[in-house]
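In UniProt numbering, the protein residues as written are 1 to 432.
The C-beta atom is built at its ideal place from N, Cα and C for all residues, glycine as well.
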Ligand SMILES: [Zn+2]
């Protein structure tokens, strides 16, 4: 069993709590002094930094939500000068405006450290060759695990997403031992490799996969492990918290969330009171050491549970169990967050279609497919040529907002079911 930072990873839970308390007290003062957003929010709640004396006081602090990041776009919640920001990432937003996340050098170092601990915990090290098949760019996946991989001294192959044949060729020829991507993309890779006459199980050195950015089940894990002969590990993180951050250990019983960096709460969504270990609730995270964009009690939007008992691996930090889904309307398609509101935002710009639509998610082979059923306002058979052009324009516009291809399918006026309450916008036929 190897550890990246054994003195931290196996520290006494009491000492960890004490450390968290000290960091929280410092953090609250830090954001209050540096961010007009937090000062205003705390003042509205009648909270002064000195009211927070330990993590037992966390319940006194107001929540933050994604909407706060949107309202303060692009950097109204930042706590450092722009010149101290060394990198930006951005994720797609509901109305076309992205959510911007900034990092100081210390933030980037802590991010890589978090992944270095997780990668070490699943047996990766400097002898490994790690293929990073998450997208590089504004999306945090690629660069996130890239720096974690470099930190542990592994050889990093920044393959990025796409170009599947080349991915398989390089995996085989460079003796790649580990891959990071979405579980659906890896399932697709297995299939594609078979078509190329290359068995990942028998003809490559691949032994470990780090899969995340979309929810996946224990049954998919089993299928992947059987078909490819590797060990498949879950990873969790969101762009607002940095990016991919926490990986399971070899026990495969939850992802270790590093308590010296983050404070995790699982709350009853109705009462906002903490729920006991093992009970599913809403995930709320406080970033204890982030400098550029610290988040206080951030409602991530995921439903999850925690296990705070000491793990078989000896690590004492809490474990986040597999996510149970989203508490809001967001769906994850090919690793990308999609909000029905984004589709609506596009459709309302086109007078030829009604604002009623249905997103249909399915699996095309092993890959997610997304179809948007759109009602035409006027369905006349002599306008077929116009419909082709309209379809292309809609698909182009959707792609620019969603960052992924969605097929547009026209349906007759009045076809999409209407609802008096909350509209059902998504039909998910995928099986995880
Ligand atoms: Zn463990």
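In terms of residue numbering, what span does the alpha helix (DSSP H) encompassing residue i cover?
i, result
"residue 1", "Taken as a continuous stretch (DSSP letters only), residue 1 belongs to no alpha helix (DSSP H), as it is neither H nor E."
"residue 19", "13-34"
"residue 299", "Here residue 299 belongs to no alpha helix (DSSP H); instead the beta strand (DSSP E) covers 298-304."
"residue 228", "218-228"
"residue 67", "66-71"
"residue 295", "Counting along the chain, residue 295 falls outside any alpha helix (DSSP H), and DSSP gives it neither H nor E."
"residue 140", "140-151"
"residue 289", "Looking at the DSSP string, residue 289 is not in any alpha helix (DSSP H), and its letter there is neither H nor E."
"residue 203", "200-203"
Could you tell me if residue i is buried or exposed, where buried requires 16 or more neighbouring beta carbons within 10 angstroms of its beta carbon?
i, result
"residue 12", "exposed"
"residue 114", "buried"
"residue 379", "exposed"
"residue 414", "exposed"
"residue 66", "buried"
"residue 305", "buried"
"residue 139", "buried"
"residue 347", "buried"
"residue 126", "exposed"
"residue 50", "exposed"
"residue 165", "exposed"
"residue 430", "exposed"
"residue 421", "The predicted position of residue 421 is uncertain, since its pLDDT is 49 and thus under 50; a value taken from the coordinates is nonetheless stated next. Residue 421 comes out exposed."
"residue 163", "exposed"
"residue 202", "exposed"
"residue 23", "buried"
"residue 312", "exposed"
"residue 434", "This structure cannot speak to residue 434, because the chain is shown only from 1 to 432."
"residue 466", "With the chain covering 1 to 432 only, the question about residue 466 has no answer from this structure."
"residue 45", "exposed"
"residue 157", "buried"
"residue 184", "buried"
"residue 486", "Because the chain in this structure spans residues 1 to 432, residue 486 falls outside the shown range and cannot be described."
"residue 107", "buried"
"residue 248", "buried"
"residue 396", "exposed"
"residue 196", "exposed"
"residue 175", "exposed"
Tell me where the beta strand (DSSP E) around residue i begins and ends.
i, result
"residue 195", "Element bounds for residue 195: not the beta strand (DSSP E) but the alpha helix (DSSP H), 183-195."
"residue 354", "353-364"
"residue 176", "Where residue 176 is concerned, there is no enclosing beta strand (DSSP E), given that its DSSP letter is neither H nor E."
"residue 265", "262-267"
"residue 428", "426-428"
"residue 245", "243-247"
"residue 400", "Not the beta strand (DSSP E): residue 400 falls in the alpha helix (DSSP H), residues 384-402."
"residue 368", "367-376"
"residue 407", "407-411"
Bridge partners for residue i per DSSP, in chain order?
i, result
"residue 89", "101"
"residue 337", "332"
"residue 180", "132 and 210"
"residue 233", "210"
"residue 281", "304"
"residue 78", "None, per the DSSP bridge assignment."
"residue 156", "130"
"residue 255", "248 and 320"
"residue 238", "243"
"residue 274", "267"
If contacts are defined as beta-carbon pairs under 8 Å, then residue i and residue j qualify, I think. What distance do you get, rounded to the angstrom?
i, j, result
"residue 418", "residue 356", "7 Å"
"residue 171", "residue 120", "Contact flag wrong, Cβ pair sits at about 22 Å."
"residue 266", "residue 283", "6 Å"
"residue 32", "residue 40", "Not really, about 10 Å apart at Cβ, beyond 8 Å."
"residue 128", "residue 193", "With 8 Å as the limit, residue 128 and residue 193 do not qualify as a contact, their Cβ atoms being about 20 Å apart."
"residue 268", "residue 281", "5 Å"
"residue 406", "residue 372", "5 Å"
"residue 168", "residue 227", "Wrong, their Cβ atoms sit about 14 Å apart, outside the cutoff."
"residue 402", "residue 336", "7 Å"
"residue 368", "residue 334", "5 Å"
Would a check of beta-carbon distances place residue i closer than 8 Å to chain D?
i, result
"residue 25", "No chain D is present in this structure, which holds just one protein chain."
Review point. Residues near ligand 1, CB to any non-hydrogen atom under 7 Å, in chain order?
Key: Residues whose Cβ lies closer than 7 Å to any heavy atom of ligand 1, listed in chain order: 121, 249, 251, 253, 256, 311, 312, 313, 315 and 319.
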